[in-house]
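As structure tokens, the structure follows; a few thoughts come after it.
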Amino acid sequence: MNILKEFRVDSKCSYLSDKNQTTHYKAIENCSAAFCQELIERGYRRFGKMYFRPVCAVCDECKSIKIDVENFEFTKSRRRVINKAANIKSYIQKPSMTKEHLLLFEKYHLFMKDKKGWEYSPTTPQNYYSSFVDASNDFGYEVLYFMDNKLIGVDLIDILEEGISSIYFYYDPDYTQYSLGKLSLYNQILFARKSQKKWVYLGYYVKDCPSLSYKSEYKPYLTLAGKPETYEDPIWF
221 MNILKEFRVD SKCSYLSDKN QTTHYKAIEN CSAAFCQELI ERGYRRFGKM
271 YFRPVCAVCD ECKSIKIDVE NFEFTKSRRR VINKAANIKS YIQKPSMTKE
321 HLLLFEKYHL FMKDKKGWEY SPTTPQNYYS SFVDASNDFG YEVLYFMDNK
371 LIGVDLIDIL EEGISSIYFY YDPDYTQYSL GKLSLYNQIL FARKSQKKWV
421 YLGYYVKDCP SLSYKSEYKP YLTLAGKPET YEDPIWF
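Count along the sequence shown starting at 1, add 220, and that's the number in this note's numbering.
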């Protein structure tokens, strides 16, 4: 394992339009699963070789959140989502990049641009590869969702010692009736429970950001206190 570089970037906040943000990055070559676990437990997220977390001096709205797998309840409405998707097939494998991946990724982001006002810029194979395929090492995977042999969803995850880290999910908006975002999360929880893992790490919860506020629905959950360094014990409450 080799930390190539560390740096901070100031930019407009990705989640709250009236704020700016400071993000701390670590570029890590051949990161081990154990060190990835340590970073995720301390509020980092991973895209490819890049591990990052917000370290804003005057704002603490981004809360790292993890679902308590053992005590999560599959209510009737949640079971209905799973049952409705009985004809959807899923496969887990190492992350890959195909033409179907790229077309689906573009279709999803154009849809979210219209639906939620997301900023949009076309992706490139290089950008996709560096974010979702590169540096998956021995812990990064993708779950592919198919209906009638058509790719309709891609869920990028890290399978770590303590839990599943949810990296990114995108889907075909023509299949919104199947609640694919919820389905993918429920499957992560079921997989974690079957694998006797404690947590599903959901990245950041931001109360006033519509794209992230939904995460508070998945109780019980814990949030991380502060921004602990790697030599400090993380406190979740």
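For each residue, glycine too, the CB sits at the ideal point set by N, CA and C.
Distance from LYS417 to ILE285 at the Cβ level is roughly 16 Å; contact not present, criterion being Cβ atoms closer than 8 Å. As far as DSSP is concerned, ALA306 takes part in no beta bridge. Just so you know, the alpha carbons of CYS233 and LYS239 end up roughly 5 Å apart.
In the structure shown, the three-state DSSP call for THR318 is coil. Listed in chain order, the beta strand (DSSP E) elements of length 3 or more contained wholly in the stretch 331-409 are 360-367, 370-379, 383-391. The Cβ atoms of LEU224 and ALA247 lie closer than 8 Å to each other. Counting only runs that start and end inside the stretch 231-316, the beta strand (DSSP E) elements of at least 3 residues fall at 240-249, 265-267, 270-274, 283-288, 309-313.
Here MET367 is near ILE308, since their CB atoms are less than 8 Å apart.
In this structure, the alpha-carbon of MET221 lies about 33 Å from that of LEU323.
Distance from the Cα of ILE287 is smallest, within the candidate group GLN408, PRO448, VAL426, for GLN408.
Per DSSP, the beta-bridge partners of TYR425 are LYS283.
Assignment of PHE227 by DSSP, reduced to helix, strand and coil, places it in the strand class.
By the criterion of a C-beta distance shorter than 7 Å, TYR398 is surrounded in its chain by LYS304, ALA305, ILE308, once the five residues flanking it on both sides are discounted. Exclusion of the five residues before and after GLU281 leaves VAL426 as the residues of its chain whose Cβ lies within less than 6 Å of its Cβ. Selection THR450, TYR451, GLY446 evaluated against VAL278 yields GLY446 as nearest (Cα-Cα).
By the beta-carbon neighbour count (other beta carbons within 10 angstroms, threshold 16), PHE294 is exposed. Note on geometry: alpha-carbon atoms of TYR271 and TYR311 lie some 26 Å from one another. Counting the other Cβ atoms within 10 Å of the Cβ of SER341 gives fewer than 16, which makes it exposed.
Here TYR438 carries a coil assignment [DSSP, helix/strand/coil].
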